[in-house]
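Everything on this sheet refers to the single structure shown next.
There are 2 protein chains.
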Amino acid sequence: MRIKEVYVYMFSLVVVLWIFRNSVQGRSLPLSLPRPLPDSAAAFARWLVSESSWGVLNTIAGDLGGAPFGNVVSFSDGLPDKGSGIPYFYLTTLDPTARYALKDQRSSFTVSEYPIGTCGKTDPENPTCSKITLTGKLKLGNPDEAEYAQTALFTKHPEMKDWPKDHNFQIFKLEVENIFMINWFGGPKPLTVDEYLHTKM
Amino acid sequence: MRIKEVYVYMFSLVVVLWIFRNSVQGRSLPLSLPRPLPDSAAAFARWLVSESSWGVLNTIAGDLGGAPFGNVVSFSDGLPDKGSGIPYFYLTTLDPTARYALKDQRSSFTVSEYPIGTCGKTDPENPTCSKITLTGKLKLGNPDEAEYAQTALFTKHPEMKDWPKDHNFQIFKLEVENIFMINWFGGPKPLTVDEYLHTKM
Numbered sequence: 001m002r003i004k005e006v007y008v009y010m011f012s013l014v015v016v017l018w019i020f021r022n023s024v025q026g027r028s029l030p031l032s033l034p035r036p037l038p039d040s041a042a043a044f045a046r047w048l049v050s051e052s053s054w055g056v057l058n059t060i061a062g063d064l065g066g067a068p069f070g071n072v073v074s075f076s077d078g079l080p081d082k083g084s085g086i087p088y089f090y091l092t093t094l095d096p097t098a099r100y101a102l103k104d105q106r107s108s109f110t111v112s113e114y115p116i117g118t119c120g121k122t123d124p125e126n127p128t129c130s131k132i133t134l135t136g137k138l139k140l141g142n143p144d145e146a147e148y149a150q151t152a153l154f155t156k157h158p159e160m161k162d163w164p165k166d167h168n169f170q171i172f173k174l175e176v177e178n179i180f181m182i183n184w185f186g187g188p189k190p191l192t193v194d195e196y197l198h199t200k201m
Numbered sequence: 001m002r003i004k005e006v007y008v009y010m011f012s013l014v015v016v017l018w019i020f021r022n023s024v025q026g027r028s029l030p031l032s033l034p035r036p037l038p039d040s041a042a043a044f045a046r047w048l049v050s051e052s053s054w055g056v057l058n059t060i061a062g063d064l065g066g067a068p069f070g071n072v073v074s075f076s077d078g079l080p081d082k083g084s085g086i087p088y089f090y091l092t093t094l095d096p097t098a099r100y101a102l103k104d105q106r107s108s109f110t111v112s113e114y115p116i117g118t119c120g121k122t123d124p125e126n127p128t129c130s131k132i133t134l135t136g137k138l139k140l141g142n143p144d145e146a147e148y149a150q151t152a153l154f155t156k157h158p159e160m161k162d163w164p165k166d167h168n169f170q171i172f173k174l175e176v177e178n179i180f181m182i183n184w185f186g187g188p189k190p191l192t193v194d195e196y197l198h199t200k201m
């Protein structure tokens, strides 16, 4: 190669690396929907839930003095780009979270924007890196929504369909009663459950 | 360029991209300590906490019917590669989590290996993608550990030192009483708080 070709080579390498870095940092899948403006609270909340694939599901641990017990879980609120806002889970009573929920339904589910990759170098606790906590009741899914929920879960989490049958995984859902979302300065965004569930994505 | 040079160019580009992808997927910083073997429960738990920079902190929400309330927070358990196992937080009572803790100290803190980037394509709920929940009491930090905790926090979260003074951020710590960690098949790893706190990293 001549000197000029080496320069062209190096330059194109740097450009490709830069593009690649920005596309994968913090997540393995490309972002499918654009990030709404922070002032559109309902649309933003639905975007954050829809773009996320996991979070921390919190229940009351009766065997730990009633402590609030968080557990990392995968979830889905619908097919990609077609989220319903209602988080569905695939849980087994071999795990404490499902057992706790069957005794005491009080629950919350917390998701951070940070692992999506759109916070850049902003700290995960900075209010401009958004976070949402849905509080409500964690219940077994109804039979009439089982097919919808299972398709939603298995599409976003393909390995779930091969999880051990004898673990008796069951579909749970969070019936949302309260929403706490911070996506900018100035404290949590006022947002009702009705606004959240009925906004257009 | 001749054909041969084009092949060399393409091949080296693919190799560099592959290396780069594996180095940044899921996190922006290089992993500083190697991942312990799953059977080394105490060392593994300390590694997971030390390598993480954020998680979900749970408290009891008195104003939401006593529901468990998870909140995304940043934390530090010490300087990089010198973690103590005790998570320190920088919280303001403008946020509900600090207010809840001052009324009811029961708390847990949950961290997933997934955002560290070492789970690869494994699902976040798969037991081989590790997760830890430390349950205990969330308390204001003692004056004699304030300097240590602040250095630990500000080193891992540089922007914290510039957060608004009038928000009165204070150092909190979780006094760990129980450890729930899954890092392989077969359920949570037996691990006492004493083993966790006194293992060598």
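Residue numbers (UniProt numbering), protein chains in the order written: chain A, 1 to 201; chain B, 1 to 201. All residues carry an ideal CB built from backbone N, CA and C; glycine is no exception.
Annotation for E147 (chain B): the continuous alpha helix (DSSP H) segment containing it runs 146 to 156. The beta carbon of G70 (chain B) sits closer than 7 Å to some beta carbon of chain A. Against chain A, a Cβ distance below 8 Å from P124 (chain B) picks out S53, W54, V72, V73, S74. Note: L191 (chain B) is not bridge-paired with any residue in the DSSP secondary-structure output.
Contact check for L57 (chain B) and F109 (chain B): beta-carbon distance about 5 Å, within the 8 Å limit, so the pair qualifies. Counting only unbroken stretches of 3 or more residues, the beta strand (DSSP E) elements lying wholly within the UniProt domain "CREG-like beta-barrel" (38 to 197) of chain A are 54 to 61, 67 to 74, 76 to 79, 82 to 91, 106 to 112, 131 to 140, 170 to 182, in sequence order. Residue contact with chain A for E159 (chain B): present (Cβ-Cβ distance below 7 Å to some residue of chain A). For H157 (chain B), the number of other beta carbons within 10 angstroms of its own is at least 16, and it is reported as buried. Remark: C-beta atoms of L140 (chain A) and Y90 (chain A) do not approach each other more closely than 7 Å.
Between L94 (chain B) and G187 (chain A) a beta carbon distance of about 7 Å is seen, short of the 8 Å cut, so the two are scored as contacting. For M10 (chain B), the secondary structure class from DSSP, reduced to helix, strand or coil, is helix. Using beta-carbon distances, P36 (chain A) does not count as an interface residue toward chain B, since no partner is under 7 Å. Looking at A:A45, A:M10, A:K4, the one whose alpha-carbon comes closest to that of V176 (chain A) is A:A45.
Taking CB atoms only, P80 (chain A) has no neighbour in chain B less than 7 Å away. K4 (chain A) sits in a helix when the DSSP states are folded into three classes. For S84 (chain A), no Cβ of chain B is located within less than 7 Å of the residue's own Cβ.
Take the alpha-carbon of P164 (chain B) and the one of W163 (chain A): they are about 47 Å apart. Just so you know, the alpha carbons of G65 (chain B) and K131 (chain A) end up roughly 22 Å apart. Around the Cβ of T135 (chain A), a 10 Å sphere holds 16 or more other Cβ atoms; the residue is buried. Under the Cβ criterion of 7 Å, I60 (chain A) is counted among the residues facing chain B. Residues of chain A whose Cβ lies closer than 8 Å to the Cβ of K131 (chain B) are, in chain order, N71, V72. With contacts defined by Cβ atoms closer than 7 Å, W54 (chain B) and S74 (chain B) form a contacting pair.
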